[in-house]
Every structure is written in C-alpha cells, then in structure tokens.
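Colleague:
In my numbering, the protein residues as written are 2 to 263.
This is the structure in structure tokens:
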C-alpha cells in the first residue's frame, strides 16, 4: 500500500474505535517509523470525518506540555488536536465512564479568545492581548489505543488522546494576573489527589498558546475569535471510575466539578 492508503486505513480504524468503544493496537506497532508528520496526517483524516458527520470545532487542546510527559514519550514538543462541540460540558456535568475506553482526568487552565490569532510570529504578549479571559477546566483524556501503549505518533493520530472537557461558567479577565502563578488543588470525593500551577503548561499557558498558533500557521491554520484553548495538564493524569466527584479549585479562577456515572 501507499503511505496515503496506510494513513486512510489507520484513520478509519481510529474512527471505528471511537464509535465501537473497542481499542486498537498502536499504529506504530505496524508502522514503527511513523512520527509527528504521520500522526497529524492521520488526525486530519479523523477530524474531516467527524466534521463531515456534523460535529463542530470550537477550539484546540494542547498535550505533552509538561516535562515529565515529554520525557515519557521521548519528545521535545507538545502536541495538539481540535476540540469538538460534542465533547464540551459545563461545571457540574455528569459523564458516563461507559462513553470512554480508558478514561483519565486532568485539571487545566483554559483560555478563551476575544480576537483572531494567527502566526507566524505570535508571542505570549500577542496571546494576552487577544484573550477574553481564563477559565477553570477539567479534561477527560482517553485512548483508543489499547492499554495507553502510545508513542507521539499514536497519541497525535488519536486526537491527542482527547475525550471531553468541562468548563467553569466564569471567564476571568487576565487583567494583572500572571497565568504561570495560578495555583490549583485537585480533589476526588473531597480528598486532595494533586496540586499544580500554571507554569506546568510549557512554562506559561500563554507561551503554550503562542506555540499552538505558530504551529497551526505552518499547517495553514489559525485560531478564530471565540476559540477555547486547553493549555495542558497541571499534574499527572488520574484514573477515574463511576461514582466519583472530581473538583478542581484554582486561585483567581474559582472551582468546578464533574461527576462520573456508570
């Protein structure tokens, strides 16, 4: 088969895994030489399929923004994927674990844009000027790759292991706030399980967004006004099960929770 045929076949397998809930082996088990370019080529095919079926891109999520995760996958850069409207929930939402394959949960800082942003020379200062505000957020990450046995190509292809996000209702203006210094406490059923700060996201959530904008420019894309950007996990991802309540409490941004059901 040609490379294009292999990419199409892998995208179809990932799409079917999303629909069926049955994970697939790592793409790189069959194509060990695949890295970042092949991962994004597969991702684009999956995105095209979801959009054609009526879903809508409302922003982007960043992954691999922390040093430990980059070291784990032996990479020196983040990755990204679109966020779809069907996967966005409000504070207090109840999500069924049966809708995912191997879900994990993370607390993050989300950013909402007031103005368009484009590369190639986007800086953190330009991101700040275009930002409506920051939002407390929780992300459920999931893997259509069996047992989370992923390389950088696998997770990129699999929509950066995206599952769903929950957003607090309040968009807090940046004003004099330094996103790097925003502290966070993450709890399960009232028991603290992790802490973090904005600086965990590529050193600065604004720098993470500028990286995304410049990377999208190289691919012919940009961020329109109104986009939501999940800037990256502030701690190690946590496994989840039905019957839990997860709460993220942020300095300056407030708190939000989500519940898990069968």
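Just so it is clear, CB atoms sit at the ideal spot from N, CA and C, and this is done for glycine as well. Since this is a predicted model, take the numbers as computed values, not measurements.
#1: Is the CB-CB distance between residue 91 and residue 167 below 8 Å?
#2: Taking Cβ positions, are residue 141 and residue 22 nearer each other than 8 Å?
#3: Give me the residue from 26, 19 and 32 with the minimum Cα distance to residue 6.
#4: Can you look up residue 254 in the DSSP assignment and give me helix, strand or coil?
#5: Find the nearest neighbour of residue 218 within the set 114, 56, 123 and 36, judged by alpha-carbon distance.
#6: For my contact list, residue 41 and residue 157 are in at a C-beta cut-off of 8 Å; report their separation, rounded to the angstrom.
#7: Which residues mark the beginning and the end of the beta strand (DSSP E) in which residue 105 is found?
#8: Would a C-beta distance cut-off of 8 Å place residue 238 and residue 105 closer than the cut-off?
#9: What's the C-alpha gap between residue 169 and residue 30?
#10: Could you please give the first and the last residue of the uninterrupted alpha helix (DSSP H) stretch that includes residue 150?
#11: Closer than 7 Å to a non-hydrogen atom of the ligand FMN - does that hold for the CB of residue 226?
#12: In this structure, does DSSP put residue 88 in helix, strand or coil?
#13: Closer than 8 Å is the cut-off here; do at least three beta carbon pairs connect the region 78 to 85 with the region 171 to 183?
Modeller: For this structure:
#1: Position 90 of the chain shown, counted from the start, is the residue given in the question as residue 91. Position 166 of the chain shown, counted from the start, is the residue given in the question as residue 167. Remark: C-beta atoms of residue 91 and residue 167 approach each other more closely than 8 Å.
#2: As a working note, residue 141 is residue 140 in the chain shown. As a working note, residue 22 is residue 21 in the chain shown. Not a contact, by the Cβ cut-off of 8 Å.
#3: Residue mapping note: residue 6 aligns to position 5 of the chain shown, counting from 1. Comparing Cα-Cα distances from residue 6 to each of 26, 19 and 32, the minimum goes to 32.
#4: By one-based count along the chain shown, residue 254 stands at place 253. Here residue 254 sits in coil by DSSP.
#5: Numbered from its first residue, the chain shown carries residue 218 at position 217. Per the Cα distances, 123.
#6: Residue mapping note: residue 41 aligns to position 40 of the chain shown, counting from 1. Residue mapping note: residue 157 aligns to position 156 of the chain shown, counting from 1. Correct: roughly 6 Å between the Cβ atoms.
#7: Working through the chain shown from its first residue, we reach residue 105 at position 104. From DSSP, the beta strand (DSSP E) with residue 105 extends over 105 to 114.
#8: Position 237 of the chain shown holds residue 238. Position 104 of the chain shown holds residue 105. A contact, by the Cβ cut-off of 8 Å.
#9: Counted from its first residue, the chain shown places residue 169 at position 168. Counted from its first residue, the chain shown places residue 30 at position 29. Those two C-alpha atoms are separated by around 39 Å.
#10: One-based indexing of the chain shown puts residue 150 at position 149. No alpha helix (DSSP H) holds residue 150; DSSP gives it neither H nor E.
#11: Among the components of this structure there are no ligands whatsoever, and the ligand FMN is therefore not found.
#12: The residue labelled residue 88 in the question sits at position 87 within the chain shown. In this structure, residue 88 counts as helix in the three-state DSSP scheme.
#13: no
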